[in-house]
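Going down the list, the sequences are from chains A and B. So for the first sequence, our numbering puts the first residue at 25; every next one is plus one. So for the second sequence, our numbering puts the first residue at 25; every next one is plus one. What follows is a set of notes on a single structure, which appears directly below.
2 protein chains.
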Amino acid sequence: MRREPAGQQTAETSDSDVRPGGRPAILLGRLETLLGYSVRRAQMRVFQDFEAEMNELGLTPGQLGALFLIEANRGLSQSELGTALGIDRSSVVPLIDRLQRRGWVRRAARASDRRAHALELAPAGIALLERLMPRLEAHEARIAAALSPAERKRLFELLSKVAAK
Amino acid sequence: MRREPAGQQTAETSDSDVRPGGRPAILLGRLETLLGYSVRRAQMRVFQDFEAEMNELGLTPGQLGALFLIEANRGLSQSELGTALGIDRSSVVPLIDRLQRRGWVRRAARASDRRAHALELAPAGIALLERLMPRLEAHEARIAAALSPAERKRLFELLSKVAAK
DNA sequence: GTCAAATTGTTTGATACTCAAACAATCATC
DNA sequence: GATGATTGTTTGAGTATCAAACAATTTGAC
C-alpha cells in the first residue's frame, strides 16, 4: 500500500467470522429502526428513478421544483423562492442562472422594486413543463407501483405529518 | 456593520388574505401532487432535526449510517460499505478518513486479503454510539411526534414499499 | 506455476450544492 | 435627507459525488 494516513493499526482482526461462501446481505443494525433512515432510503429510490427518467432533459429535482414554484407563483422574488425551497438566497443565484441559460426562466424587472427580480417562466419553460408531464407521470407511477391508490393517499398523509413543523 | 438574518416580521397591514409574515402563502402548484416531493419534504425535516440534535457531536446522517453499518458488520471492507450506503468506493475514503481522524473507526489489517481494510469501531466509536443513543431517540421521538405507534409502523411499511427496487 | 484479469484503496480532477460574509444598489422608515 | 433593512450577487470554504487512473494484491484460466 502506498501511503497510510498514519493511524493505529491493530492487526487483531480475527478471520474467524469471515463470511463463508461469498456475500451475505449486509446487516442494517440499528439503522433498521430509524424512521429517518427509512425516509432516506425511499428518497434515494425516488431520486434515482427521477434522474433516470429526466436524464435526457438534464433536469434535477431541485430545478423542477423551482420551475413548478415559479409557475404557481409568477413574479416571486429569488429570496422568496429560496425560502420556499429551504435554501439560502445565495444558492438561488446559480440555480436560476442555469434555468435562465437554458431559456426556461426569465428574471423580469419589477417596477415596484428595482432590487428584486420577478421570476417567471419563459415560453420555452412553459413548453418544457408540458412536454415533461408524461415523463413525470411515468416516474410517479413507477414510484407508487407497489402501492394501491389508498396506500398512496395514506403515505401522503403520513409524510405530511412528518414534514409538518 | 454585521447583518443578521433578520426575520421579516414587519407586519402591520390589513389582515385579509395575508399571512403573519405580510405575504401571501406560496403555492406549491403541481408539486403538491408529487409523491417524490412529499418524500423530499419529509426528508428535509428529518435532516434538519437530526442536524440540530447532533450539532454538538458534529455528526452527519451519512456518518452515523456508516458507524451503524460498521457496528453491525464488523470487518467489512470499504467497498462493501460503499455499496451498502449507495456511494462510490472513492467517496468512502474521505468519509472513513474523517471518522478515523476522530478516533471512532479503525482501518484494521485483514490477513486474508492485504488489499482490503477491515473496518471496525474503535473504543471511542463504541462509546460514542452509547452516548449518542439518547439523542437519537429524542430525535426519533420528535420526528414521529405527530404519529401514533400504529401510524409510525404503517409509514415504515409504506416507505419500504417505495424504497424496494 | 504463470500470467492476465479483476478487485481494493487511493489520488486527482471535475461538477455540484450549500452556507456565511461581504458588497452595491435600492427600498422603507422616520 | 439619514439610517437601517432588503435584494441579488460574488467570493470563499466545506462537503459530497462520480469518473478515471494508478499500485498493490488477489483470483482465475491456462
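For glycine and all other residues, C-beta sits at the position ideal for the given N, C-alpha and C. Fair warning: this is a prediction, and the values are worked out from it, not measured in the lab.
Open item on the list: Assuming contact is defined by CB atoms lying nearer than 8 Å, are Ala96 of chain A and Gly60 of chain B in contact in what I supplied?
Closed with: The residue given as residue 96 of chain A occupies position 72 in the first sequence. The residue given as residue 60 of chain B occupies position 36 in the second sequence. One thing to note: Ala96 of chain A has its Cβ no nearer than 8 Å to the Cβ of Gly60 of chain B.
Open item on the list: For Leu179 of chain A and Ser136 of chain B, I'd like the C-alpha separation in whole angstroms.
Closed with: Taking the first residue of the first sequence as 1, we reach residue 179 of chain A at position 155. Taking the first residue of the second sequence as 1, we reach residue 136 of chain B at position 112. Cα to Cα, Leu179 of chain A sits roughly 47 Å from Ser136 of chain B.
Task: Ala151 of chain B and Ala188 of chain A closer than 8 Å at C-beta - done: Within the second sequence, the letter at position 127 stands for residue 151 of chain B. Within the first sequence, the letter at position 164 stands for residue 188 of chain A. Taking 8 Å as the Cβ cut-off, Ala151 of chain B and Ala188 of chain A do not qualify as a contacting pair.
Task: Ser101 of chain B burial status per 10 Å Cβ neighbour count (16 or more: buried) - done: Along the second sequence, read from residue 1 onward, the residue named residue 101 of chain B stands at position 77. So Ser101 of chain B counts as buried.
Task: Listed by chain order, chain B residues near Glu164 of chain A by CB distance under 9 Å - done: Mapped onto the first sequence, residue 164 of chain A falls at position 140. Near Glu164 of chain A (Cβ distances below 9 Å), the residues of chain B are Thr57, Leu58, Leu59, Gly60.
- [ ] Specify the secondary structure class of Glu144 of chain B as computed by DSSP and reduced to three states.
- [x] By 1-based counting over the second sequence, the position of residue 144 of chain B is 120. Glu144 of chain B falls in the strand class under three-state DSSP.
Open item on the list: If we define contact as Cβ-Cβ less than 8 Å, is Met78 of chain A a contact residue for chain B?
Closed with: Here residue 78 of chain A corresponds to residue number 54 of the first sequence, with the count starting at 1. Not an interface residue.
TODO: Less than 8 Å between the CB atoms is what I'm expecting for Arg122 of chain A and Glu144 of chain A, so what's the real figure, rounded?
DONE: Taking the first residue of the first sequence as 1, we reach residue 122 of chain A at position 98. Taking the first residue of the first sequence as 1, we reach residue 144 of chain A at position 120. Not confirmed; about 16 Å, so no contact.
Open item on the list: Give me the residue from B:Ala168, B:Glu175, B:Ser172 with the minimum Cα distance to Val186 of chain A.
Closed with: Taking the first sequence and counting its residues from 1, the one referred to as residue 186 of chain A is at position 162. Measuring from the Cα of Val186 of chain A, the nearest candidate turns out to be B:Ala168.
Task: Residue span of the alpha helix (DSSP H) that contains Ala96 of chain B, given as start and end - done: Position 72 of the second sequence holds residue 96 of chain B. Ala96 of chain B -> alpha helix (DSSP H) spans 85-96.
- [ ] Establish whether the CB of Lys177 of chain B and some CB of chain A are separated by less than 8 Å.
- [x] Taking the first residue of the second sequence as 1, we reach residue 177 of chain B at position 153. For Lys177 of chain B, the answer is no, since every Cβ of chain A falls outside 8 Å of its Cβ.
Task: Completely contained beta strand (DSSP E) runs for the stretch 118-186 of chain B, where each covers 3 or more residues - done: Entirely contained in the stretch 118-186 of chain B, the beta strand (DSSP E) runs reaching 3 residues are, in chain order, 129-133, 141-145.
- [ ] Below 6 Å CB to CB, which residues in the same chain sit around Ala142 of chain B once its five sequence neighbours on both sides are set aside?
- [x] Within the second sequence, residue 142 of chain B is the residue found at index 118, counting from 1. Closer than 6 Å at the Cβ level, and outside the excluded window around Ala142 of chain B, lie Gly99, Ala132, Arg134.
Task: Residue-level contact to chain B via CB, Ser184 of chain A, 8 Å cutoff - done: If you number the first sequence from 1, residue 184 of chain A lands on position 160. Cβ-Cβ to chain B under 8 Å: yes for Ser184 of chain A.
TODO: In angstroms with no decimal places, state the Cα-to-Cα distance between Gly127 of chain B and Ala148 of chain B.
DONE: By one-based count along the second sequence, residue 127 of chain B stands at place 103. By one-based count along the second sequence, residue 148 of chain B stands at place 124. Taking the CA atoms as reference points, Gly127 of chain B sits about 6 Å from Ala148 of chain B.
- [ ] Please say whether Arg69 of chain B and Gln67 of chain A have beta carbons closer to each other than 8 Å?
- [x] By 1-based counting over the first sequence, the position of residue 67 of chain A is 43. By 1-based counting over the second sequence, the position of residue 69 of chain B is 45. Against a cut-off of 8 Å, the Cβ pair of Arg69 of chain B and Gln67 of chain A comes out as no contact.
TODO: Measure the C-alpha to C-alpha separation of Ser184 of chain B and Arg139 of chain A and round it to an integer number of angstroms.
DONE: In the second sequence, residue 184 of chain B corresponds to position 160, counting from 1. In the first sequence, residue 139 of chain A corresponds to position 115, counting from 1. Near 46 Å, if we compare the C-alpha coordinates of Arg139 of chain A and Ser184 of chain B.
- [ ] Return helix, strand or coil for Glu77 of chain B, following the three-state DSSP convention.
- [x] The sequence position of residue 77 of chain B within the second sequence is 53, counting from 1. Residue state, collapsed to three classes: helix.
Task: Own chain residues within Cβ distance below 8 Å of Gly89 of chain A, not counting five before or after - done: Counting from 1 along the first sequence, the entry for residue 89 of chain A is found at position 65. Counting only Cβ-Cβ distances below 8 Å, and skipping sequence neighbours, we find Leu109.
Task: Burial state of Gln72 of chain B (16 or more Cβ within 10 Å) - done: Numbered from its first residue, the second sequence carries residue 72 of chain B at position 48. Exposed, because fewer than 16 other Cβ atoms sit within 10 Å of the Cβ of Gln72 of chain B.
TODO: Give the single residue among A:Leu93, A:Leu160, A:Gln87 whose Cα lies nearest to the Cα of Ala49 of chain B.
DONE: Looking up residue 49 of chain B in the second sequence gives position 25. Looking only at A:Leu93, A:Leu160, A:Gln87, the smallest Cα-Cα distance to Ala49 of chain B is reached by A:Leu93.
- [ ] Round the Cβ separation of Leu119 of chain B and Gly86 of chain B to the nearest angstrom and send it over; I've been treating them as touching at under 8 Å.
- [x] For the purposes of this step, residue 119 of chain B is identified with residue 95 of the second sequence, where counting begins at 1. For the purposes of this step, residue 86 of chain B is identified with residue 62 of the second sequence, where counting begins at 1. With a Cβ gap of about 7 Å, Leu119 of chain B and Gly86 of chain B count as contacting.
TODO: Please go through the same chain and pick out, in chain order, the residues whose beta-carbon is closer than 7 Å to the beta-carbon of Glu77 of chain B, but skip the five residues on each side of it.
DONE: As a working mapping, residue 77 of chain B is identified with position 53 in the second sequence. Cβ neighbours of Glu77 of chain B beyond the five flanking positions: Arg159, Ala162, His163.
Open item on the list: Output needed for Ser115 of chain A: all residues of its chain with C-beta closer than 8 Å, excluding positions within five of it in sequence on either side, in chain order.
Closed with: The count along the first sequence starts at 1 and reaches residue 115 of chain A at position 91. Contacts found: Gly106.
Open item on the list: Mapping the DSSP letters down to three states, classify Gly110 of chain A as helix, strand or coil.
Closed with: The residue you call residue 110 of chain A lines up with position 86 of the first sequence. Here DSSP, grouped into helix, strand and coil, assigns Gly110 of chain A to coil.
Open item on the list: Helix, strand or coil for Ser101 of chain B? Go by DSSP, reduced to three states.
Closed with: The sequence position of residue 101 of chain B within the second sequence is 77, counting from 1. Of the three classes helix, strand and coil, the one that applies to Ser101 of chain B here is coil, per DSSP.
Open item on the list: At the level of alpha carbons, what is the spacing between Glu104 of chain A and Leu91 of chain A?
Closed with: Taking the first sequence and counting its residues from 1, the one referred to as residue 104 of chain A is at position 80. Taking the first sequence and counting its residues from 1, the one referred to as residue 91 of chain A is at position 67. Taking the Cα positions, Glu104 of chain A is about 13 Å away from Leu91 of chain A.
Open item on the list: Assuming the contact rule is C-beta atoms closer than 8 Å, Glu181 of chain B and Leu182 of chain A should be a hit. Round their C-beta distance to whole Å, please.
Closed with: In the second sequence, counting from the first residue as 1, residue 181 of chain B sits at position 157. In the first sequence, counting from the first residue as 1, residue 182 of chain A sits at position 158. By a beta-carbon distance limit of 8 Å, Glu181 of chain B does not contact Leu182 of chain A. Their separation comes to about 10 Å.
Task: Members of the stretch 134-153 of chain A near chain B, C-beta cut-off 7 Å - done: Look at the stretch 134-153 of chain A: it has no residue with a C-beta under 7 Å from a C-beta of chain B.
Task: Burial state of Ser172 of chain B (16 or more Cβ within 10 Å) - done: Within the second sequence, residue 172 of chain B is the residue found at index 148, counting from 1. Under this definition Ser172 of chain B is an exposed residue.
Task: Burial state of Ala165 of chain B, where buried means 16 or more other Cβ atoms lie within 10 Å - done: For this step, residue 165 of chain B is matched to residue 141 along the second sequence. Around the CB of Ala165 of chain B, fewer than 16 other CB atoms lie within 10 Å, so the residue is classed as exposed.
Open item on the list: Quick check: the Cα distance between Phe74 of chain A and Thr84 of chain A, rounded to an integer number of angstroms?
Closed with: Along the first sequence, one-based indexing puts residue 74 of chain A at 50. Along the first sequence, one-based indexing puts residue 84 of chain A at 60. The C-alpha of Thr84 of chain A is placed about 8 Å away from the C-alpha of Phe74 of chain A.
Open item on the list: Can you look up Leu59 of chain A in the DSSP assignment and give me helix, strand or coil?
Closed with: Reading the first sequence from its first residue, position 35 is the one you call residue 59 of chain A. Secondary structure of Leu59 of chain A (DSSP, three-state): helix.
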